[in-house]
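This report concerns only the one structure given below.
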Amino acid sequence: MTGTAFSDETILCTAGVDADRAFGAVMPPLYLSANFAFEGYGKPRAHDYSRSGNPTRDKLAEAIAALEQGAGGVVTSSGLAAVDLVLALLKPGDRVIAPHDCYGGTWRLLTARAERGAFEVLFVDQNDPNALEQAFARQPTLLWIETPSNPLMRIVDIEALCQRAKACGARVAADNTFLSPVLQKPISLGADFLVHSTTKYLNGHSDVVGGAAVAARKDDAEQLKWWANCLGTAGAPFDSWLTLRGLRTLSVRVERQQETAGNIAQRLAQHPAIAKVHYPGLASHPGHGTAAKQQRGFGAMLSFELAIAGDEIAAFLGQLKRFILAESLGGFESLIAHPATMTHLSMSAEARAQAGIGDGLFRLSIGLEAFEDLWSDLRAALDCLSPIF
Ligand code: PLP
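Read in order, the letters of the sequence shown are residues -2 to 386 in the numbering used here.
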């Protein structure tokens, strides 16, 4: 599928469909087999062992690479395994510039690998031109981008950053989890690699933990495949099958979810209990213009700040009936997270403070429920806080 001119919707509906030569199954079959018989001595088939390659997993990898306009990709056992796979291409002495406000698990992984000497990492506010220039002056090997960032929804200009990175010979990797390829295509903006937690929008049904790494160039894609086999980080065939099934509805899910998210953001911005709303679709968001330029929509993730602490946090969360207090995002069900104690707990307290992730920050993943039901749930919980303000 890679390199075709088909639209996303067509790729989503046709990837791996009607390709079964054995029985004519319209839906791609699930090949659970760990191994595949050789045709004879010295004659392996297309697949020999499922760690190295599996027909079901390959179908998913091809679909994601096609959607992302990459040369090839690898499906991994989690989003973090995909991050680690790209980092596996680095060597001691290499330097990574990463966002100071990235996903907590990515921060922990970069920090832990750097502490073991795998590479050096510089966490930088990528919206601060001086800090960025200082980091670029130190001849980085890789620039890591996460836009919108988790959980503060900060936006960086992917094209401008890729041009700057390339001017000093650095490669660029982008985490595209928050938007999915139907809303943003980092490779078309100059990125060399991208990763997904397919746990989120790509599967969309909150029943698989998985990931994917995609490369713009064929030689890089081959490197990713080589390392995935070497490290044994490839995803399970059943998980790939479920994710491919979830992927079919990606564009309609995201379209509906972001419409509701936009409406929720507008209402939140007008509520007296809210100190701040972080949603790139709001004209007041500092990254609104860049998001409008490089994204096909503003997505279904947002965060907001309340001037509350301690027991008030539990009381606010306890009021909610429709939003589930849980990790993860991008599923059909709406979730609320408290980043300081959940998704970003693995960051040091100092790093959280520098990133701006305080106790009053809440993150919403908007699902497919009716807007009215979601908003009335949030409004009821917020109305209980209003007298404080
Ligand atoms: N990248 C981002 C932006 C995430 O939000 C997450 C998880 O929340 C990950 C990567 C890691 O994905 P996984 O949980 O599938 O390992």
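Even for Gly, the Cβ is constructed at its ideal location relative to N, Cα and C.
Simplified DSSP assignment, three categories, for residue i
i: Ser331; result: coil
i: Ser30; result: coil
i: Asp216; result: helix
i: Leu358; result: strand
i: Gly0; result: Reliability of the predicted coordinates at Gly0 is poor, the pLDDT of 46 falling under 50, and the value obtained from them is presented with this limitation in mind. Coil, per DSSP.
i: Leu64; result: helix
i: Val14; result: coil
i: Pro183; result: helix
i: Ser177; result: coil
i: Leu371; result: helix
i: Val118; result: strand
i: Leu191; result: strand
i: Gly296; result: coil
i: Ile321; result: strand
i: His202; result: coil
i: Leu87; result: coil
i: Ala272; result: strand
CB of residue i within 8 Å of CB of residue j, strictly
i: Leu371; j: Thr257; result: yes
i: Ser362; j: Gly327; result: yes
i: Ile61; j: Gly70; result: yes
i: Gln292; j: His97; result: no
i: Ala213; j: Ala34; result: no
i: Gly101; j: Leu342; result: yes
i: Val93; j: Leu87; result: yes
i: Leu180; j: Gly76; result: no
i: Ile354; j: Pro148; result: yes
i: Pro25; j: Thr53; result: yes
i: Ala167; j: Thr195; result: no
i: Ser373; j: Thr230; result: no
i: Arg151; j: Gly357; result: no
i: Ala272; j: Ala311; result: no
i: Trp224; j: Ala378; result: no
Buried or exposed (CB count within 10 angstroms, at least 16 for buried), residue i
i: Gly0; result: Since pLDDT at Gly0 reaches only 46, below the 50 mark, its modelled position is unreliable, and no value is offered.
i: Ala209; result: buried
i: Asp154; result: buried
i: Tyr46; result: exposed
i: Leu158; result: buried
i: Pro126; result: exposed
i: Glu59; result: buried
i: Lys215; result: exposed
i: Asp380; result: exposed
i: Glu324; result: exposed
i: Glu130; result: exposed
i: Arg18; result: exposed
i: Asp236; result: buried
i: Cys165; result: exposed
i: Lys197; result: buried
i: Phe120; result: buried
Rounded Cβ spacing between residue i and residue j (contact assumed at less than 8 Å)
i: Arg360; j: Ser300; result: 4 Å
i: Ser185; j: Gln66; result: 5 Å
i: Leu57; j: Thr240; result: 6 Å
i: Leu82; j: Leu244; result: In fact, because the Cβ distance is near 20 Å, the residues do not count as touching under 8 Å.
i: Phe313; j: Leu332; result: About 15 Å; that fails the 8 Å criterion.
i: Ile142; j: Ala111; result: Actually they are not in contact, since the Cβ atoms of Ile142 and Ala111 sit about 18 Å apart, beyond 8 Å.
Residue i beta carbon near the ligand ADP (any heavy atom closer than 7 Å)
i: Val206; result: You won't find the ligand ADP in this model; what it holds is the ligand PLP.
Endpoints, beta strand (DSSP E) assigned at residue i
i: Lys163; result: Premise fails: Lys163 lies in the alpha helix (DSSP H), Ile155 to Ala164, not in any beta strand (DSSP E).
i: Thr73; result: Gly69 to Thr73
i: Asp172; result: Arg168 to Asp172
i: Pro126; result: Per DSSP, Pro126 belongs to no beta strand (DSSP E); it is in the alpha helix (DSSP H), Pro126 to Phe133.
i: Arg242; result: Segment Pro234 to Leu244 is the alpha helix (DSSP H) holding Arg242; no beta strand (DSSP E) there.
i: His44; result: Unbroken run through His44: none, as it is neither H nor E.
Segment limits, alpha helix (DSSP H) that includes residue i
i: Glu252; result: Leu247 to Gln267
i: Phe313; result: Asp308 to Gln316
i: Pro105; result: In the sequence as presented, Pro is not what sits at residue 105; that position holds Arg. Element bounds for Arg105: Gly101 to Glu112.
i: His285; result: His285 to Gln291
i: Glu143; result: First-last for Glu143: Leu139 to Glu143, but that is the beta strand (DSSP E), not the alpha helix (DSSP H).
i: Ala280; result: That residue, Ala280, is in no alpha helix (DSSP H); it is neither H nor E in DSSP.
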